[in-house]
Structure formats: C-alpha cells, structure tokens
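The sequence shown runs 1371 to 1528 under my numbering.
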Amino acid sequence: MSLTASVKRDIRAARERDPAATSGPLVFFTYPGFHARQYHRVAHTLYRRGLRGPARLVANISRFLTGIEIHPGARIGEGLFIDHGMGVVIGETSEIGDNVTLHQGVTLGGTSTQRVKRHPTLKDNVMVGVGAQLIGDIIIGENSKVGAGSVVLNSVPP
C-alpha cells in the first residue's frame, strides 16, 4: 500500500471508530494517535535500514509530542486507531495486525531481557480497552476484545 493510501486508511479508521472524528482534516491536524502512527512510519523505516539512533530520535520526538510511545521496531498493520492515546506503550517486538484499536494507557510490554520475541502479537480487528496491560510473547486472536484494566499474560484465542 502506498504511503498516501496508508495515511488515508488511518484517517478512515479514526472516522469509523470515533463519533467525534467528524472530518478528515480534524483527524489529520488534531489526533495524537494519528500523529504517533505517522511518526512511527518514519522511525520504523529508519530502524529497518539499520539507522537505529535516528529511529529512536524520531520515536522520542513522537513520544514528547503525543504522549504515546511506540518503539521503532514494532510492526504495525493498516488502520490502527489509538483513541485518547496518552500513556500507550508499544514495545519493540510487538506485532499489530490490521484494524486494531488501542485506548489510553494500554501497554504491550515485554518479559525478557534477551533479544527474542518478547512482546504481544495482536491479530486483525482486536480492540484493547483503557489501561489494559498485555505482557510477554502472547497472541491476541482475531476479533478479540480485551477489557479495560485487564492484565493479560496468556494468549487469547480468536
């Protein structure tokens, strides 16, 4: 998918999942979750090219501006919607499928100090509620909903 198409898909995701998102320009200019995703695109590209320092710098600027921390190594599909994203943390080996929704305070955290897969995988169409903590190399199956305040340490089937 082209960059333009991906950006449009992110705007559409916000408009489809947030009744307050009344226009594309509103999302483009005022939604921190949308901004964090665009910064992540840049940081992830740098990271994949081995430019780890510049990638981390872009990620840190994004965190400062949006309150959302996404490691440049995280792999994210199309149509991510981060609603009221303050405090969202997405770790380095996290994998996020298409059409995923994360609410404020969600953590996709790791459990190992080794350079292995140590963060969650969220399959397509997953919704994670406010303050949920998903920890470790677990899989959240397609179309799953994780309730607000949950602590998830084991995989969840579709």
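Beta carbons: idealized from backbone N, C-alpha and C, even for Gly. Computed from a prediction, not measured in an experiment: that's the story for all the values here.
Item to check | Inter-residue Cα distance where the pair is Gly1501 and Ala1375 | outcome: 30 Å
- Query: Taking Cβ positions, are Thr1463 and Lys1487 nearer each other than 8 Å?
  - Reply: yes
To the nearest angstrom, how far is it from the Cα of Lys1515 to the Cα of Gly1423? 35 Å
Considering only their Cβ atoms, is the gap separating Gly1517 from Gly1499 smaller than 8 Å? yes
List the whole-angstrom C-beta distance separating Ile1460 from Leu1478, where the pair is believed to meet the contact cut-off of C-beta under 8 Å. 5 Å
Q. Can you give the Cα-Cα distance for Val1377 and Gln1408, rounded to whole angstroms?
A. 8 Å
- Closest Cα partner of Leu1504 within the set Gly1394, Val1397 and Leu1472: Leu1472
What's the C-alpha gap between Ala1441 and Thr1481? Note that residue 1441 is His in the sequence shown here, rather than Ala. Those two C-alpha atoms are separated by around 15 Å.
Notebook entry, point to check: What residues are listed by DSSP as bridge partners for Gly1479?
Noted result: Ile1505
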